[in-house]
Amino acid sequence: MMKKSNLSLAKSRVFRNEHHKINDKDNYYNPFSHRIICVNSSGFKALARLGFSRHGDGYLFLKSKELIRPIIQELFDNPEESEDNTFLKNIPKKSREAVFGLLQTSGSVENFLQKLEDFVEDLGINYVKSNFHSDIEHIDFHSHGKFLSDVIDPAQLTEDQRIAVKIAGEGYNMYIGGSAGTGKTVVLRQIIYELSIQQKKTVAVTASTGVAASNLNGYTFHHIFGLDGLKTTHLRKIDVILIDEISMIQSELITHLDIAARISRRSIVPFGGLQVILCGDFLQLGGIPNHPIFFNDLFLKHFVRLKLTVIHRVTSDRKDFVNHLQTVRRGQLPSDIDKSISILHKSIALADNEEAIYIFPRNVHVFERNQKRLGLLPEPTMAFPSQVQDVVLSDTWTDVLVFELHCHEDKSSAFIEEMEKVLRESLHSFSLKEKNFQDIHLAVYPIDLERPDDLRCAVRARIMSLALDDISNDERLYQLNNLLNKIHLVLRDMSYRVMGKVPALDEVPIHIQNKLKETAQKEIFFAALETRIGARVMLRWNLSRELVNGSVGIIDGFVDPTSYVLPHSVDKKFYEHVDAYCKFLHSQGHDIPLLPLVRFSSGLSIMIPPIAIPVGGDATTKFFYSTLLALPIQLAYAFTVHKVQGLTLTGSVVIDFKDMFQCPHLVYVALSRVRTPEQLTIRALDDSHITADPVALSFDEKTPPACELDLSKLPVNARPNNAYKFNLQWN
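Just so you know, we're using the numbering used here here: the sequence shown kicks off at 334 and counts up by one.
Structure follows, in structure tokens:
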């Protein structure tokens, strides 16, 4: 177990300003080291000789370019001798990457000096504004003590586990694979201990699901970095990001994270120089729709890949069960599986087991089982419908240009698709000239369908990196206006007649409204929740570190929100929609709107608040979105296989494969949730149900076991500190 003093040292990394105050005239903020330094230090004196000085507000700035100009000229003339450069020798290695990024995009000494001046001043001003009181302090990347008692003696690790920890400790980007039960979570805990406690690094511990994040005392990836990986304040203040259950993360999110990290950290190397550690099994269930990251060039080029092979979950005396699971994992039904698992024929009815957890492939059977169990409770049913709110436009966009498209309505989709392609190609030059904006989004769609041969269309655009918190409103508006003017010129060159510019459209087109309605109906929370006192329920949202997606509890009653005292354990922001939802309930016939009070297995009882779920907001809805207000709980007598991935289930488990559909890895995930086959009752399984995705299978076969890696020949591109030496380009 970690000593208390070590934890205090770890926490001090984020809260340095508690010990050093920048309003002291003898101290200043150094943007190269991200520390508060005394002006009498040798480091300050060395930078002062290069033209840097202390600003009156307490941060470093470039006061004179004349002193540093000849030294930068040397960098341009002799880049191969950079290690001896006087400027680079006086800044930390991590900041040198940012400087190299500026060098590669400057083109001349004068441009570089201007960028360097802006770079240093921007960091200084942002530090003074935030003074480290940004929302990252509400996400404690250092409070990993909860599971430190579970960190085992390194001598107890298997050889492949020790190798994985060693590679992570040496700073490599890496992927840790392995089948269910190989101890991946044990390895991740050991890595977190090594990096955050032993090496004093700031580690963001995340996972794709709340349950997996809770196992590591972390957060979901989306909670920290947003749905598109652009909560960039956090990216500046961490050294390592760890993502568990990576098979559930889409490839595009990794790309968004990379772009955001490079922009935020002002570095051209992959992920802005962050160390990225991924863990998961691609032969389990992936994200839906499935587009895993092993198609991503970043993943293929800049990660060490290995897998663990020793099974720990299953009891040691059931090696036959272990072998059968491994065969199923590869998409085959073992001929002698009946020696370890008893499988009932689909013609045999299951005996009802009130205490067992039931698992089905399809939601419809989960619903039926849950409703059956609910009906046995004596209390009356309470219904909580969902509310779909008004349609709005996400983020900050340009104004809308209205233009005429001369084509028949039936061909409008093809015309618009082609026009978007031309626009994107034309705007690429804009993105290269104007501050390296690489992330322009376009929305082109018809707004007047009454004239089928002469459509009126709308076009607008946004620049994702303008959402960064260090860009002023004036700068944001300036760049958006420039972008809109460029679009106008392109439309004119394409001989389209621009009707005019409007700040916003009065009405959302009907076809987009219908698309949003269709999307909302597919949300898991769209259907009304029906429950009773005494019902077993599962939380489907992360409300706190203890109450996560997957927490199970019992409905203790229904309470009036106006008299309910908010718990300290749950952030008050989760209760900000209570008033709006209660007004909606009143309009639906609830004379006195009440909300369910749930007592969770941890002993904590809370009133469940409605949560706001964004619907749409992507290219399919032209970035219009709506919000669904709903209670984030569901009955918990039965679950789909997708919901139990990552869990080790105790007690009796009934798995019914009736109405099974084609889904690679689903059977393997279902069977591998238990420690012993005696826990299982299985019905209606046949060999046609057992499949493995051939691409995922090929990737797994090509991923070497950790014990077979040659540690002297690990790819240099996978080590962030070395990445800038290899002239890496933006991906």
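Built from N, CA and C at the ideal position, the CB exists for glycine as well. Small disclaimer: the values here were computed from a predicted structure and weren't measured.
According to DSSP, which residues form a beta bridge with residue i?
{"i": "Leu872", "result": "Ile966"}
{"i": "Leu918", "result": "DSSP, once it has assigned bridges, lists no residue as partnering Leu918."}
{"i": "Glu856", "result": "BP columns for Glu856 are empty, so no partner."}
{"i": "Asp410", "result": "Per DSSP, none; premise fails for Asp410."}
{"i": "Tyr778", "result": "Ala791"}
{"i": "Pro1038", "result": "Lys640"}
Would you say residue i and residue j are within 8 Å of each other, going by their C-beta atoms?
{"i": "Gly502", "j": "Leu641", "result": "no"}
{"i": "Ala1051", "j": "Tyr505", "result": "yes"}
{"i": "Glu737", "j": "Met832", "result": "yes"}
{"i": "Ser324", "j": "Leu658", "result": "Residue numbering for the chain in the displayed model covers 334 to 1064; residue 324 lies beyond these limits and cannot be assessed."}
{"i": "Gly867", "j": "Ile888", "result": "yes"}
{"i": "Leu756", "j": "Ile674", "result": "no"}
{"i": "Val432", "j": "Leu421", "result": "yes"}
{"i": "Ile530", "j": "Val498", "result": "no"}
{"i": "Asn882", "j": "Arg869", "result": "no"}
{"i": "Met871", "j": "Val885", "result": "yes"}
{"i": "Val911", "j": "Ser877", "result": "no"}
{"i": "Leu968", "j": "Thr895", "result": "no"}
{"i": "Phe615", "j": "Asp1033", "result": "yes"}
{"i": "Val536", "j": "Gln494", "result": "no"}
{"i": "Val1007", "j": "Val986", "result": "yes"}
{"i": "Leu813", "j": "Leu734", "result": "no"}
{"i": "Phe377", "j": "Val453", "result": "no"}
{"i": "Pro926", "j": "Leu937", "result": "no"}
{"i": "Phe991", "j": "Ala971", "result": "Per the sequence shown, residue 991 should be read as Lys rather than Phe. No, the Cβ-Cβ distance between Lys991 and Ala971 is not below 8 Å."}
{"i": "Val661", "j": "Ile1023", "result": "yes"}
{"i": "Ile405", "j": "Leu1047", "result": "no"}
{"i": "Thr973", "j": "Asn686", "result": "no"}
{"i": "Phe632", "j": "Ile587", "result": "yes"}
If I measure Cβ to Cβ from residue i and keep anything under 6 Å in the same chain, skipping five residues before and after, which residues do I get?
{"i": "Leu611", "result": "Tyr508, Ile576 and Ile579"}
{"i": "His975", "result": "Leu618"}
{"i": "Ile780", "result": "Arg789, Ala791 and Pro842"}
{"i": "Val862", "result": "Sequence check: residue 862 is Leu here, not Val. If we look at Leu862 and ignore the five residues flanking it on each side, its Cβ neighbours are Phe717 and Leu964."}
{"i": "Pro997", "result": "Thr1024, Ala1025 and Asp1026"}
{"i": "Thr491", "result": "Val643"}
{"i": "Val835", "result": "Val733"}
In chain order, what residues of the same chain lie with their CB nearer than 8 Å to the CB of residue i, ignoring the 5 residues before and after it?
{"i": "Pro1037", "result": "Arg638, Leu639 and Lys640"}
{"i": "Arg830", "result": "Phe736 and Glu737"}
{"i": "Glu399", "result": "Gly384"}
{"i": "Arg598", "result": "Ala431, Leu568, Arg569, Gly605, Gly606 and Leu607"}
If you count every other CB in all the chains shown that lies within 10 Å of the CB of residue i, and 16 or more means buried, which is it?
{"i": "Asp572", "result": "buried"}
{"i": "Leu709", "result": "exposed"}
{"i": "Ile857", "result": "exposed"}
{"i": "Lys534", "result": "buried"}
{"i": "Leu607", "result": "buried"}
{"i": "Cys915", "result": "buried"}
{"i": "Met940", "result": "buried"}
{"i": "Gln1062", "result": "Reliability of the predicted coordinates at Gln1062 is poor, the pLDDT of 32 falling under 50, and no value is obtained from them."}
{"i": "Arg795", "result": "buried"}
{"i": "Pro694", "result": "buried"}
{"i": "Gln720", "result": "buried"}
{"i": "Lys570", "result": "buried"}
{"i": "Pro1053", "result": "buried"}
{"i": "Arg595", "result": "buried"}
{"i": "His635", "result": "buried"}
{"i": "Pro364", "result": "buried"}
{"i": "Thr983", "result": "exposed"}
{"i": "Thr954", "result": "buried"}
Who are the near neighbours of residue i in its chain, counting only those whose CB is closer than 7 Å to its CB and skipping five residues on each side?
{"i": "Asp1020", "result": "Leu666"}
{"i": "Leu1042", "result": "Ile496 and Leu639"}
{"i": "Ile582", "result": "Ser541, Phe554, Ile576, Gly620 and Ile626"}
{"i": "Ser415", "result": "Leu408 and Leu421"}
{"i": "Glu753", "result": "Leu775 and Val777"}
{"i": "Arg853", "result": "It should be noted that the sequence gives Ala, not Arg, for residue 853. Excluding sequence neighbours, Ala853 sits near Val721, Phe859, Val948, Ser959 and Leu961."}
{"i": "Glu767", "result": "Its pLDDT being 46, under 50, Glu767 is placed unreliably in this model, and the value from its coordinates should be taken loosely. The residues are Gln812 and Asn815."}
Just to check, is the beta-carbon of residue i closer than 7 Å to a non-hydrogen atom of the ligand GTP?
{"i": "Asn506", "result": "You won't find the ligand GTP in this model; it holds no ligand whatsoever."}
Against chain B, does residue i count as a neighbour if the rule is that its beta carbon must be under 8 Å from one of theirs?
{"i": "Ser675", "result": "The structure shown has no chain B; it contains just one protein chain."}
*Which ranges does the beta strand (DSSP E) cover as unbroken runs of at least 3 residues, wholly within the region 654-737, from first to last along the chain?*
Uninterrupted beta strand (DSSP E) stretches at least 3 residues long and entirely within the region 654-737 occur at 690-693 and 715-717, given in chain order.
_Ignoring anything shorter than 4 residues, give me the alpha helix (DSSP H) runs that lie fully in the region 891-965, in order along the chain._
Counting whole runs of 4 or more residues, the region 891-965 contains the alpha helix (DSSP H) stretches 911-920.
*In chain order, each beta strand (DSSP E) run of at least 3 residues that lies wholly inside the region 495-526*: Fully enclosed beta strand (DSSP E) runs of 3 or longer: 507-511.
_Complete alpha helix (DSSP H) runs within the region 570-647 (minimum length 4 residues, chain order)_ = Fully enclosed alpha helix (DSSP H) runs of no fewer than 4 residues occupy 584-598 and 630-634 of the region 570-647, in order along the chain.
*Starting from the N-terminal side, write out each stretch of the beta strand (DSSP E) that is 3 residues or longer and does not extend beyond the region 969-1014.*
Runs found: 971-973 and 986-989.
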